[in-house]
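K.L.:
Mind having a look at this structure? Questions to follow.
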Amino acid sequence: MKMTGSRGLLWISACLCSATVGLASAETVTYTYSGNFLYDDDLESIPVSLGASQDVTITTTSFAAGGFAPVLSFFDPAGMLIAFDVDGNSGGCTVSDPVSNYCWDDYIGLSGLAPGVYTLALTEDNNTPNGPTLADGFFWGTGLSNDFTGPEFLGEPGSFILADGSQRSSAWALQIQITDVVPEPSAAPVCALLLAMAAGRLRTKGRAQ
Numbered sequence: 012m013k014m015t016g017s018r019g020l021l022w023i024s025a026c027l028c029s030a031t032v033g034l035a036s037a038e039t040v041t042y043t044y045s046g047n048f049l050y051d052d053d054l055e056s057i058p059v060s061l062g063a064s065q066d067v068t069i070t071t072t073s074f075a076a077g078g079f080a081p082v083l084s085f086f087d088p089a090g091m092l093i094a095f096d097v098d099g100n101s102g103g104c105t106v107s108d109p110v111s112n113y114c115w116d117d118y119i120g121l122s123g124l125a126p127g128v129y130t131l132a133l134t135e136d137n138n139t140p141n142g143p144t145l146a147d148g149f150f151w152g153t154g155l156s157n158d159f160t161g162p163e164f165l166g167e168p169g170s171f172i173l174a175d176g177s178q179r180s181s182a183w184a185l186q187i188q189i190t191d192v193v194p195e196p197s198a199a200p201v202c203a204l205l206l207a208m209a210a211g212r213l214r215t216k217g218r219a220q
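Here's what the structure looks like:
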């Protein structure tokens with residue numbers, strides 16, 4: 012089909028607009044955190060502030076580097092647990108620790124979250140949430156049991172021990188990626204202008220004829 016003149020301009024403008032309106036530009040910001048626990052039952056609490064309809068991806072990278080087995084718990088602004096991962100059960104772990112051959116780094120991915128201040132809690136393996144809210148605390152508590160992994164897994168004093176008895180370091184590291192998807196601001200005005208110009212030319216030509 013061949014179109015020329017004003018009708019062709021109107022058709023081309025409509026096609027361009029249908030192809031561009033609704034496009035989105037996604038901006039991703041990555042925050043990196045790391046540190047060391049002093050005791051097995053330490054808790055690292057990280058506030059995550061979100062705007063409207065943002066996606067969040069959280070990954071740990073410390074187990075593959077020799078750190079302890081982490082637990083990630085993610086709570087909404089009301090303190091309700093909405094995501095949880097321990098020992099890479101989410102399937103998001105991609106790099107195994109070369110010593111243990113386990114792939115126990117954690118992953119949480121959530122889409123379209125409402126605005127507000129969320130809470131990410133990092134604890135050590137087996138220090139899992141006691142209930143569905145942040146106020147319920149964690150199984151081994153925080154600052155109460157100190158080095159629980161040695162007695163639990165070896166039957167003797169020790170800290171940062173895996174269930175197989177192997178010694179780990181106290182290091183932890185994680186990344187939080189926040190992606191904000193927003194409508195392309197320039198597409199709609201350009202489309203409106205193109206369509207108006209094409210329609211105007213078509214009306215002018217019709218009156219002349």
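Converting from the sequence shown to this note's numbering requires adding 11 to each position, the first position being numbered 1.
All C-beta atoms, glycine included, are put in the ideal place defined by N, C-alpha and C.
A quick note: this is a predicted structure, and the numbers were derived from the prediction, not measured.
Are the CB atoms of Pro88 and Gly127 nearer to each other than 8 Å?
P.N.:
Against a cut-off of 8 Å, the Cβ pair of Gly127 and Pro88 comes out as a contact.
K.L.:
Using alpha carbons as the reference points, say which of Ser156, Asp136 and Glu38 lies closest to Asp175.
P.N.:
For the residues Ser156, Asp136 and Glu38, the minimum Cα distance to Asp175 belongs to Asp136.
K.L.:
Kindly indicate which residue of Thr43, Gly161, Ala125 and Thr134 has the alpha-carbon position closest to the one of Val97.
P.N.:
The shortest C-alpha separation from Val97 is found at Thr134.
K.L.:
CB Asp92 to CB Pro143, shorter than 8 Å?
P.N.:
According to the sequence shown, residue 92 is Leu rather than Asp. Yes, they are a contact pair.
K.L.:
Thr71 and Ala184 - do their beta-carbons sit closer together than 8 Å?
P.N.:
Yes, the pair counts as a contact, with Cβ atoms nearer than the cut-off.
K.L.:
Quick check: what's the CA-CA separation for Ser101 versus Val59?
P.N.:
Ser101 and Val59: Cα-Cα distance of roughly 21 Å.
K.L.:
Quick one: grab the DSSP three-state call for Thr153.
P.N.:
Thr153 falls in the coil class under three-state DSSP.
K.L.:
If you reduce the DSSP assignment to three classes, tell me which class Asp191 lands in.
P.N.:
DSSP places Asp191 in strand when its eight states are reduced to three.
K.L.:
What is the DSSP secondary structure of Leu49, counted as helix, strand or coil?
P.N.:
Reduced to three states, the DSSP call for Leu49 is coil.
K.L.:
Could you tell me whether the Cβ atoms of Asn141 and Asp52 are closer together than 8 Å?
P.N.:
No.
K.L.:
Give the DSSP-derived three-state secondary structure of Gly33 in the structure shown.
P.N.:
Residue confidence for Gly33 is low, a pLDDT of 49 falling below 50, so the modelled location carries little weight; the figure read from the coordinates is stated next. Reduced to three states, the DSSP call for Gly33 is coil.
K.L.:
Please state the DSSP three-state secondary structure of Leu133.
P.N.:
Strand at Leu133.
K.L.:
Is DSSP giving Ala94 helix, strand or coil here?
P.N.:
In the structure shown, Ala94 sits in a strand (DSSP, three-state: E or B).
K.L.:
Does Pro143 come out as helix, strand or coil in the three-state DSSP assignment?
P.N.:
Coil at Pro143, not helix or strand.
K.L.:
Would DSSP call Ala76 helix, strand or coil?
P.N.:
Here Ala76 sits in helix by DSSP.
K.L.:
Taking the beta strand (DSSP E) that Gly123 belongs to, which residues open and close that run?
P.N.:
Tyr118 to Leu124 is the extent of the beta strand (DSSP E) around Gly123.
K.L.:
Which term fits Val67, buried or exposed, when burial requires 16 or more other beta carbons within 10 angstroms of its beta carbon?
P.N.:
Per the 10 Å Cβ criterion, buried.
K.L.:
For Glu163, report the span of its alpha helix (DSSP H) as first-last.
P.N.:
Looking at the DSSP string, the run of the alpha helix (DSSP H) that includes Glu163 is Thr160 to Phe164.
K.L.:
Do Ile69 and Leu83 have their beta-carbon atoms positioned less than 8 Å apart in this structure?
P.N.:
Closer than 8 Å, so yes.
K.L.:
Do you know how far the Cα of Asn112 is from the Cα of Thr153?
P.N.:
Cα to Cα, the separation comes out at about 29 Å.
K.L.:
Is Cys104 near the ligand ATP - that is, is its Cβ less than 7 Å away from at least one heavy atom of it?
P.N.:
Inclusion of the ligand ATP in the displayed structure is not the case, the ligand content being empty and no account of it being possible.
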